[in-house]
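A.B. asks:
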Amino acid sequence: AERLVAAPGSKEYGRLSVLVQTFYSVKILFKVPPTVFLPPPKVESAVIRMERKENMKTGISDRFYFSVVKAAFGQRRKTLKNSLKAAGFNISPIDTTLLGRRAETLDFEEYIKLAQDLSGA
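Its first residue numbered 338, the sequence shown is counted upward by one per residue in the numbering used here.
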């Protein structure tokens with residue numbers, strides 16, 4: 338649950354966070370202690386609410402968007418420039434300031450813009 342609602346720059350933030358937050362508004366409603374399960378798990382659970390964002394259009398195919406996000410997080414401690422180049426993307430249309438950042442620092446709106454720029458949309 339923490340990964341679904343994680344903010345950019347946090348330890349929990351990753352590909353799952355970006356992809357879910359692109360298409361859904363996610364909120365943790367409450368935590369569920371291990372003691373309510375038999376046998377009790379070694380982790381705390383949570384109940385979440387996911388509401389589909391109406392009219393969320395990225396202007397590109399979902400498959401292409403997913404591939405950009407996957408490539409960006411493919412080499413987590415690398416800059417976007419290195420991650421995207423390694424995945425075979427043509428990074429020439431992308432702003433150099435953006436390419437100097439790491440995958441875990443961009444929010445989903447920046448990923449949409451990045452994917453649109455990479456696709457030429």
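Ideal Cβ positions, reconstructed from N, Cα and C, are used throughout, including at glycine.
(1) Would you list the residues sitting across from residue 382 in a DSSP beta bridge?
(2) Between the alpha carbons of residue 370 and residue 339, how many angstroms are there, rounded?
(3) Ignore the nearest five residues each way along the sequence and tell me which others in residue 397's own chain have a CB closer than 7 Å to its CB.
(4) If you follow the alpha helix (DSSP H) that residue 359 is in, where does it begin and where does it stop?
(5) Considering only the alpha carbon of each residue, which of 410, 425, 374, 430 lies closest to residue 444?
(6) Distance, Cα to Cα, residue 449 vs residue 356?
(7) Let me confirm a value: residue 408 is counted as buried when at least 16 other C-beta atoms fall within 10 Å, else exposed. Which label applies?
(8) Taking the continuous alpha helix (DSSP H) assigned at residue 419, which residues delimit it?
(9) Tell me whether the segment 342 to 355 and the segment 429 to 448 touch, counting them as touching only if at least three CB pairs, one residue from each stretch, are closer than 8 Å.
(10) Restricting to Cα atoms, I'd like to know which of 428, 374, 385 is closest to residue 515.
C.D. replies: Short version:
(1) 369
(2) 15 Å
(3) 452, 453, 456, 458
(4) 352 to 360
(5) 410
(6) 10 Å
(7) buried
(8) Its alpha helix (DSSP H) spans residues 417 to 423.
(9) yes
(10) The structure shown does not extend to residue 515, since the chain spans only 338 to 458, so no value can be given for it.
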